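S.K.:
In my numbering, the protein residues as written are 9 to 244.
1) Give me the Cα-Cα distance between residue 125 and residue 77, rounded to the nearest whole angstrom.
2) Give every residue of the same chain whose Cβ lies closer than 7 Å to the Cβ of residue 5, excluding the five residues on either side of it in the sequence, and list them in chain order.
3) By Cβ distance below 7 Å, which residues in the same chain neighbour residue 112 in space, the five residues on each side in sequence not counted?
4) Could you tell me the distance, in whole angstroms, from the CA atom of residue 135 to the CA atom of residue 180?
5) Considering only C-alpha positions, which residue in the set 167, 159, 83 and 188 is nearest to residue 19?
6) Shortest alpha-carbon distance to residue 160 belongs to which of 139, 224 and 239?
7) Comparing the C-beta of residue 155 with each C-beta of chain B, is any distance below 8 Å?
8) Whose C-beta lies closer than 7 Å to the C-beta of residue 9 among residues of the same chain, with five residues either side of it excluded?
9) For residue 62 and residue 120, I'd like the C-alpha separation in whole angstroms.
10) Please specify which runs of the beta strand (DSSP E), each continuous and at least 3 residues long, are wholly inside the stretch 186-234, giving them in chain order.
11) Nearest by alpha-carbon distance to residue 27: which of 34, 59 and 38 is it?
12) Less than 6 Å between C-beta atoms, sequence neighbours within five positions excluded: which residues of the same chain meet that for residue 128?
13) Let me know the secondary structure DSSP gives residue 125 once reduced to three states.
14) When DSSP labels each residue in this structure, what does residue 47 get in the three-state scheme?
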């Protein structure tokens with residue numbers, strides 16, 4: 009990637025830096041991440057074997073998913089551009105007795121030296137926070153071993169997503185801090201599929217992630233018009 013086109017939004021980094029100390033507070037600003045983590049893990053486990061595999065968690069933040077992948081017997085590397093979240097992640101892993109390789113590095117930079125190194129890559133709730141998501145997808149394609157699998161989760165750019173994920177989640181229900189998401193950065197599945205294809209990744213599945221405000225519970229389903237998960241396979 010051209011150094012003049014750095015794939016990071018300083019405002020996005022600053023938001024998560026300020027909240028880093030709250031990452032493991034299950035009733036704090038990151039409560040939705042804690043609540044959906046079992047579903048994310050279920051989706052990943054349904055489509056990939058993890059024990060003994062080399063896994064890269066891109067945009068790992070404070071390590072909520074990273075730790076669970078490690079507990080399942082994987083050798084996990086977690087990368088993020090935020091210094092404070094990584095400090096929290098390292099300390100929490102130490103407290104839990106987990107060995108995780110946390111690095112403050114971009115996925116593009118890592119791809120320059122570790123191409124073809126990982127069996128599985130997870131890139132969840134991150135693509136909609138960077139200026140050039142296609143670059144992230146391309147780097148994931150480079151980092152995967154042939155036959156390896158990559159998992160994404162993001163938000164669809166639809167009126168329904170704006171209503172539920174921005175107006176509903178940030179303003180009405182206050183599930184997330186105001187300004188967490190920028191609707192213009194939401195990603196349509198067709199766009200993700202195009203980026204995957206260019207990166208040598210065959211998109212295999214799309215599954216929706218739904219929230220019921222009455223029961224306050226999340227579930228997986230067919231509707232991908234708001235939040236969705238996806239996985240693809242690197243061509244042999």
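Built from N, CA and C at the ideal position, the CB exists for glycine as well. Note that this is a predicted model, so its numbers are computed, not measured.
M.R.: To lay it out plainly:
1) When rounded, the distance between both Cα atoms is 17 Å.
2) Residue 5 is absent from the model: the chain starts at 9 and stops at 244.
3) 88, 89, 91 and 94
4) 24 Å
5) Nearest C-alpha to residue 19: 188.
6) 239
7) Absent here is chain B; the protein component of the structure consists of one chain.
8) Residue placement at residue 9 cannot be trusted, given a pLDDT of 44 that sits under 50; what the coordinates show is reported in the next sentence. 15, 116 and 143.
9) In this structure, the CA atom of residue 62 is about 17 Å from the CA atom of residue 120.
10) 209-220 and 225-229
11) 38
12) 56, 61, 63 and 157
13) coil
14) helix
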